[in-house]
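Each protein sequence line maps, in turn, to chains A and B. All residue numbers for the first sequence refer to my numbering, where the first residue is 1330 and numbers rise by one. All residue numbers for the second sequence refer to my numbering, where the first residue is 25 and numbers rise by one. All remarks here apply to the structure that follows.
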Amino acid sequence: MALMHIDVCLVIPAYNEEKNLPELIEELLNAGFSRAQIVIIDDASKDSTLKVARKLQVQVLHLPINLGIGGAVQTGFQYAVKRGFRYAVQVDGDGQHPSAEVLRLIQIAKSKQTDLLIGSRFIDGKTEFRSTLIRRIGKAFLSMVGLLVTHRRLTDPTSGLRVVGERLLLQFSKFYPCDYPEPESAFWAISNGFKVEEVAAIMRPRLHGTSSIGIFQSAYYMIKVPFAILIRNLSLRQGSS
Amino acid sequence: MWKLQILFSFISIVSLVFVVRLIRRGDLDLRYSLLWLMSTVVMLILSIFPQIIEQGSKWIGFQIASNALLSLALVTLVLITLAQSVSLNRAKEDIRRLAQSLALLGDSVKKEE
């Protein structure tokens, strides 16, 4: 079954994820993915992520300096393009994305021929995933900004579980935001005529450690990302007219 | 008045010499330092001939000459800061691309081994 998906590259950005990686890789291998299609991008971790990743005998890219999640994921996309993969799935290094869901999303992306398929935690009331009130407000706000600018509603624009198709992959390998890239790139894809869809997906809480986003970062997030969505789309309209 | 003239001429000359020295030592790229050079030269000219400011500010409509001077200084500083933000951002982008190609190159090298 997984052999059907040999054209899919699993991109795993990892910053200080030494504890989560072994379980995650084992789960992916059990689901039928091969070592050749899994690439871990070590974003200059301070712990032994690089050593752990190399031991797992999957593909490992080591960034000499910390670029942030966007820069790391983009490196994975560049790798996927270079090696001729037709799809790339971003799978977060913290183990939030179950393999079964990754597999299901790949199948949907292929049958629907989407350029970007986003696994949403908030469609269908399938939300076992508990989030704080503030985060929910923040996400609703982001959705609203995106809706105003692109006239499309995304229920979960910050989701990290995404299947990127060949055409968009090429774009993302050239341009991808450095920090908090998910909402900005999703709405960018929409306003540039790529086929973007959302399907319900189940996610787990992190296996180990805490989320990388604290209070100050949240504030920065809520100012930076809506701005980025606005500016990208406004300048685009000028350019295309 | 002449005391001020001498004081500021002195300060301008010192900054000019300092900037030129930085460029000669290679600590300051000539490309990005033209603004600094220009502003020190302008400062020197204005210190020697303060009449320029007085006449100019009167002509534009400033009530006090010092207001014109401060506005000029403020605008210059803001422009320089903006230019530096741009070049800093460029450097950041370059570093990002470098790091990424290094990571990808490491993968290719490993494959050949």
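Cβ atoms here follow ideal geometry from the backbone N, Cα and C, with glycine treated the same way. Computed from a prediction, not measured in an experiment: that's the story for all the values here.
Taking only three categories from DSSP, how would you classify Ser1449/A? Walking along the first sequence from the start, residue 1449/A turns up at place 120. Strand, per DSSP.
Using beta carbons (cut-off 8 Å, strictly below), is Gln75/B in contact with chain A? One-based indexing of the second sequence puts residue 75/B at position 51. Chain A, which has no Cβ nearer than 8 Å to the Cβ of Gln75/B, makes this no.
One or two residues paired with Cys1338/A in a DSSP bridge: Locating residue 1338/A in the first sequence gives position 9, counting from the first residue. For Cys1338/A, which the question treats as bridged, DSSP gives the partners Ala1417/A.
Quick check on the burial criterion: 16 or more other C-beta atoms within 10 angstroms. Buried or exposed for Asn1562/A? Translated into positions along the first sequence, residue 1562/A becomes position 233. Buried, by the Cβ-count rule.
Could you have a look at Val1368/A and say whether DSSP puts it in helix, strand or coil? Here residue 1368/A refers to the residue found at position 39 of the first sequence. Three-state result, Val1368/A: strand.
Whole angstroms are fine: how far does the CA of Tyr1509/A sit from the CA of Phe1406/A? Here residue 1406/A refers to the residue found at position 77 when the first sequence is read from its first residue. Here residue 1509/A refers to the residue found at position 180 when the first sequence is read from its first residue. Going by the C-alpha atoms only, they are around 16 Å apart.
Can you say whether Ile1341/A is buried or exposed, counting buried as having 16 or more other CB atoms within 10 angstroms of its CB? For the purposes of this step, residue 1341/A is identified with residue 12 of the first sequence, where counting begins at 1. So Ile1341/A ends up on the buried side.
Three or more beta-carbon pairs under 8 Å between the segment 1484–1496 of chain A and the segment 1412–1422 of chain A, yes or no? A contact is defined here as three or more CB-CB pairs under 8 Å, and the segment 1484–1496 of chain A meets this definition with respect to the segment 1412–1422 of chain A.
Following the continuous alpha helix (DSSP H) through Glu1355/A, name the residue where it begins and the one where it ends. The residue labelled residue 1355/A in the question sits at position 26 within the first sequence. Start and end: Leu1350 to Asn1359.
Determine, for Gly85/B, whether the minimum Cβ-Cβ distance to residues of chain A falls below 8 Å. As a position in the second sequence, residue 85/B is number 61, starting the count at 1. Gly85/B does not count as touching chain A.
Who are the neighbours of Leu3/B on chain A, taking C-beta pairs under 7 Å? Chain B is shown only over 25 to 137; residue 3/B falls outside these bounds and no answer can be derived.
Roughly how many angstroms lie between the CA atoms of Phe1451/A and Leu103/B, to the nearest whole one? Locating residue 1451/A in the first sequence gives position 122, counting from the first residue. Locating residue 103/B in the second sequence gives position 79, counting from the first residue. Phe1451/A and Leu103/B: Cα-Cα distance of roughly 46 Å.
Interface residues of chain A around Ala123/B at Cβ under 7 Å? Position 99 of the second sequence, counted from the first residue, corresponds to residue 123/B. Residues of chain A passing the Cβ test: Leu1392, Pro1393, Ile1394 and Leu1396.
Using 8 Å as the threshold, is the segment 1498–1518 of chain A in touch with the segment 1379–1391 of chain A, meaning 3 or more CB pairs across them? no
With H, G and I counted as helix, E and B as strand and the rest as coil, what does DSSP make of Val1528/A? The residue you call residue 1528/A lines up with position 199 of the first sequence. If DSSP states are grouped into helix, strand and coil, Val1528/A belongs with the strands.
Contact defined as beta carbons within less than 8 Å: I believe Leu1350/A pairs with Gly1422/A. What is the distance between those atoms, to the nearest angstrom? Looking up residue 1350/A in the first sequence gives position 21. Looking up residue 1422/A in the first sequence gives position 93. Confirmed, about 6 Å.
Taking the Cβ atom as the reference point for each residue, do Glu1355/A and Val1381/A lie within a distance shorter than 8 Å? Translated into positions along the first sequence, residue 1355/A becomes position 26. Translated into positions along the first sequence, residue 1381/A becomes position 52. Not closer than 8 Å, so no.
Distance check for Val1337/A and Val1410/A, CA to CA, integer angstroms please. Counting from 1 along the first sequence, the entry for residue 1410/A is found at position 81. Counting from 1 along the first sequence, the entry for residue 1337/A is found at position 8. A direct Cα-to-Cα measurement between Val1410/A and Val1337/A gives close to 11 Å.
Evaluate Met67/B with the Cβ neighbour count: other Cβ atoms within 10 Å of its Cβ, from every protein chain shown; 16 or more gives buried, anything less gives exposed. Counting from 1 along the second sequence, the entry for residue 67/B is found at position 43. With 16 or more Cβ atoms within 10 Å of its Cβ, Met67/B is classed as buried.
Does any CB atom of chain A fall closer than 8 Å to the CB of Ala127/B? Reading the second sequence from its first residue, position 103 is the one you call residue 127/B. Output row for Ala127/B: interface = yes.
Closer than 8 Å to chain B by CB, Gln1403/A: Within the first sequence, numbered from 1, the residue matching residue 1403/A stands at position 74. Yes, its Cβ sits closer than 8 Å to a Cβ of chain B.
Counting only C-beta atoms, is Asp131/B closer than 8 Å to chain A at any point? One-based indexing of the second sequence puts residue 131/B at position 107. Output row for Asp131/B: interface = yes.
Three-pair Cβ contact test at 8 Å for the segment 1462–1473 of chain A versus the segment 1545–1561 of chain A: yes
Could you run through the segment 100–117 of chain B and flag, in chain order, every residue whose CB is less than 7 Å away from some CB of chain D? In summary, chain D is missing from the structure at hand, where the protein chains are A and B.
Rounded separation between Val1525/A and Ser63/B - CA only: Here residue 1525/A refers to the residue found at position 196 when the first sequence is read from its first residue. Here residue 63/B refers to the residue found at position 39 when the second sequence is read from its first residue. For Val1525/A and Ser63/B, the distance between alpha carbons rounds to 51 Å.
Within the 8 Å Cβ cut-off, does Gly1422/A reach chain B? In the first sequence, the residue the question calls residue 1422/A occupies position 93. Chain B, which has no Cβ nearer than 8 Å to the Cβ of Gly1422/A, makes this no.
Taking 8 Å as the cut-off, decide whether the C-beta atoms of Ala1429/A and Ala1360/A are in contact. For this step, residue 1429/A is matched to residue 100 along the first sequence. For this step, residue 1360/A is matched to residue 31 along the first sequence. Yes, Cβ-Cβ distance for Ala1429/A and Ala1360/A is below 8 Å.
Looking at chain B, is there any beta carbon in it that lies within less than 8 Å of the beta carbon of Lys1411/A? Taking the first sequence and counting its residues from 1, the one referred to as residue 1411/A is at position 82. Interface residue, yes.
Considering only the alpha carbon of each residue, which of Pro1534/A, Gly1399/A, Asp1376/A and Asn1521/A lies closest to Gly1424/A? Position 95 of the first sequence, counting from 1, holds the residue named residue 1424/A. Comparing Cα positions, the closest option is Pro1534/A.
Three-state secondary structure assigned by DSSP to Gln79/B: Taking the first residue of the second sequence as position 1, residue 79/B is located at position 55. Three-state result, Gln79/B: helix.
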